[in-house]
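Inspection log for the structure reproduced underneath, given as C-alpha cells.
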Amino acid sequence: MRVEPAPAPFWRHDLTHCLHTTAGALLAARGLDPLETLGAGWGFRFVPGEVRREEYYFPGHDEDLFAGLAPYHPVSSRWHRPGDAEQGWQQVRDALVNGVSVAVAADNFHLPFRPAYRDVHTNHLMAIEGFDDETGEVFVNDPVPPSFRGTIPLTALMAARDSGNPIAHDRDLFFTANPIGNRWLEVTIGADVPEVDEAFVARVVGSNAAGWLDGTTGPVLTGLAGLRHFLDAAVEGFAEHPESVDEVFVVGGPMLAVAGLHADFLDRAGVRFGDVRLRELGRAVDRVAHHWSALRIAAATAREDRVAAVPGLRQRTAALLGDQEAVLERMSLVAA
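Quick note: the sequence shown uses our numbering, first residue 117, plus one each step.
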C-alpha cells in the first residue's frame, strides 16, 4: 500500500524550531495559515521544575502542545505513547491511511537527512505525511534547516523513534538523556476557525496585553511578573546550579519563537489593514525576540565558567524586561 502526501506549503520561520515548523506543516496541510494561527498568541506560562530535555518543549503545555501554540484557534493535540516500536509504527500508519498527517518524536542521530546523523543525539519533532509499503519508505516533512521533504527508510524512522537518546559524548547537549519512546502527536482542528479581521486582531492584542499584566509568581509563573521571577531566579542561581544553563536555553527557545512569530503576525496585520501602530508594535515585539536570542547564546556558552557569566546575564535580562515593559505599554495603547 502507498499513501502519498497531499500538496501543502513548505513553511518555516527563521526564529522558530522543530515544534513550530512541524505545527506549521500540519496546520497548512489542513488549510490553516501557519503565521496567523501560531503567531496570534504571545505570553508567558511556566511551571517550575517541569523543563524537559526536548527540542519541542513548550512551557506550561506538555499534554496539549498545539493548544498552547494556538490559543485563539480551535486547535489541540494529544500524545500517544505506544508500547514498542512496532506498535508505534502501526498507530502512525493507521492514522496516515485515514488521511491524517501526524507528528512524531525522533532522535536526529538516526535520521539520514539531519546534520547530526550518526554524530549527535537530540530529541526532535517532525511531520510524517505518507508511506510506501513496497519500497519500505516513509514521507517526511521537516522544514528545520537544512530543510527536507522526501522519503527515508522506515527502518531509520523506527530506530529514531525507538531511541534511548543517550548522552554519548560532550556534544550531546540540551535535548538528550530523555528516551524518545515512540511518541507521536494526534492533531485536532475544530470547525470554528476565526477570520483574521481587524476585530480579531484587536481582541488578540487586548487579550495578550491582559495576560502579560495579570501575571502570577506561583505556583505557576505567568505574565510579566512570572517572567521576571523566572529570569531573576535563573540568574541568581546560575553560578551554583549547573542545570540553570539548560533551563534558560530550553525555556528561551519557545519564548524566542513565539515573540518572533507574533511580531510578524502584527506586521502582516498592520500592512493588511493600513495600521502603522500595529507595524510599530510588531517591531517592538521583534526587539524582545532578539533579546531572547542573545540570552540563550549567553547562557549556552557559559557552561564552563558560570560565575563569570552572571554579571552579563543580569544586564541581558534587565534589557529584556525593560523592553518587555515598553512593549506592554504600547500594547495597552493599541488595544484601547
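For each residue, glycine too, the CB sits at the ideal point set by N, CA and C.
Being a predicted model, the structure only gives us computed values, none of them experimental.
Using C-beta distances below 8 angstroms, list every residue in its chain close to residue i, excluding the 5 sequence neighbours before and after it, in chain order.
i: Leu270; result: Trp205, Phe247, Gly252, Glu253 and Val254
i: Gly376; result: His129, Asp130, Leu131, Thr132, Asp402 and Ala405
i: Val163; result: Pro175, Gly176, Pro335, Val336 and Leu337
i: Leu411; result: Val364, Gly368, Leu429, Arg432, Thr433 and Leu436
i: Ala414; result: Ala425, Gly428, Leu429 and Arg432
i: Ala442; result: Ala400
Consult DSSP for residue i and reduce its assignment to one of helix, strand or coil.
i: Leu148; result: coil
i: Leu449; result: helix
i: Arg168; result: coil
i: Phe264; result: strand
i: Phe162; result: strand
i: Leu292; result: Leu is not the amino acid found at residue 292; the sequence shown has Thr there. Coil at Thr292, not helix or strand.
i: Ile413; result: helix
i: Arg299; result: coil
i: Val312; result: coil
i: Thr304; result: strand
i: Arg422; result: helix
i: Asp180; result: coil
i: Asp258; result: strand
i: Pro123; result: coil
i: Arg128; result: coil
i: Pro269; result: strand
Of the choices the options, whose alpha-carbon is the least far from that of residue i?
i: Gly368; options: Leu142, Val303, Arg197 and Arg168; result: Arg168
i: Arg118; options: Met242, Thr267, Leu347 and Phe174; result: Thr267
i: Arg277; options: Ala284, Leu289, Asn298 and Val260; result: Asn298
i: Gly155; options: Gly215, Ala434, Leu227 and Asp380; result: Asp380
i: Val321; options: Ala122, Arg197, Leu444 and Ser193; result: Leu444
i: Ala211; options: Ser192, His226, Glu245 and Pro259; result: Glu245
i: Gly386; options: Arg234, Val303 and Phe316; result: Phe316
i: Asp249; options: His136, Ala122, Pro261 and Val213; result: Val213
i: Met447; options: Ser192, Leu437, Gly390 and Ala325; result: Ala325
i: Ala416; options: Ser263, Val364, Leu449 and Arg384; result: Val364
i: Ala293; options: Pro228, Ala284 and Gln207; result: Ala284
i: Met274; options: Thr137, Arg388, Phe290 and Val256; result: Val256
i: Ala452; options: Leu227, Gln207, Trp300 and Arg393; result: Arg393
i: Ala272; options: Phe290, Arg234, Glu302 and Ala307; result: Arg234
i: Pro370; options: Phe182, Trp300, Pro123 and Glu352; result: Phe182
i: Phe160; options: Ala232, Ala414, Asp421 and His378; result: His378
i: Arg209; options: Arg319, Glu302 and Pro231; result: Glu302
i: Arg422; options: Glu356, Ala122 and Asp391; result: Glu356
i: Ser192; options: Gln203, Asp180 and Pro198; result: Asp180
i: Arg419; options: Arg319, Phe354 and Gly327; result: Phe354
i: Arg319; options: Pro125, Pro123, Trp158 and Ala122; result: Trp158
i: Pro198; options: Leu449, Pro228, Trp300 and Glu352; result: Trp300
i: Val374; options: Arg230, Trp408 and Pro262; result: Trp408
i: Arg384; options: Val312, Val450, Gly327 and Glu352; result: Val312
i: Pro125; options: Asp258, Phe291 and Asp391; result: Asp258
i: Phe291; options: Val366, Pro123 and Ala232; result: Val366
i: Gly215; options: Gly438, Ala122, Ala307 and Leu449; result: Ala122
i: Leu148; options: Asp439, Asp391, Gly327 and Ala307; result: Ala307
Leaving out five residues on either side along the sequence, give the residues of the same chain with a beta carbon under 6 angstroms from the beta carbon of residue i.
i: His240; result: Cys134, Glu171, Ala222 and Asn224
i: Gly184; result: Phe174 and His177
i: Gly140; result: Trp127 and Pro150
i: Thr153; result: Leu143, Ala186 and His189
i: Pro295; result: Gly280 and Asn281
i: Leu347; result: Thr433
i: His345; result: Thr333 and Leu337
i: Ser217; result: Leu142, Ala145, Ala243 and Glu245
i: Glu120; result: Gly246
i: Val450; result: Val321, Arg393 and Leu397
List the whole-angstrom C-beta distance separating residue i from residue j, where the pair is believed to meet the contact cut-off of C-beta under 8 angstroms.
i: Ile305; j: Arg146; result: 5 angstroms
i: Leu329; j: Gly339; result: 6 angstroms
i: Ala219; j: Ala243; result: 6 angstroms
i: Asp260; j: Thr137; result: According to the sequence displayed, residue 260 carries Val and not Asp. Rounded, the Cβ-Cβ distance is 5 angstroms, consistent with contact.
i: Leu372; j: Gly398; result: Incorrect: roughly 15 angstroms between the Cβ atoms, too far for contact.
i: Glu314; j: Phe389; result: 5 angstroms
In chain order, what residues of the same chain have a beta carbon less than 7 angstroms from the beta carbon of residue i, not counting five sequence neighbours either side?
i: Ala350; result: Ser360, Glu363 and Val364
i: Pro228; result: Ile268 and Ala272
With a threshold of 8 angstroms (Cβ to nearest heavy atom), would residue i be considered close to the ligand ZN?
i: Glu359; result: Looking at this structure, you won't find the ligand ZN or any other ligand, since it has none at all.
Could you name each continuous alpha helix (DSSP H) segment of 4 residues or more that falls completely within the region 188-256, going from the start of the chain to the end?
For the region 188-256, the full-length alpha helix (DSSP H) segments reaching 4 residues or more read 201-213 along the chain.
What ranges does the alpha helix (DSSP H) occupy inside the region 329-366, keeping only unbroken runs of at least 4 residues that lie completely in it?
List check, alpha helix (DSSP H) in window: 339-352.
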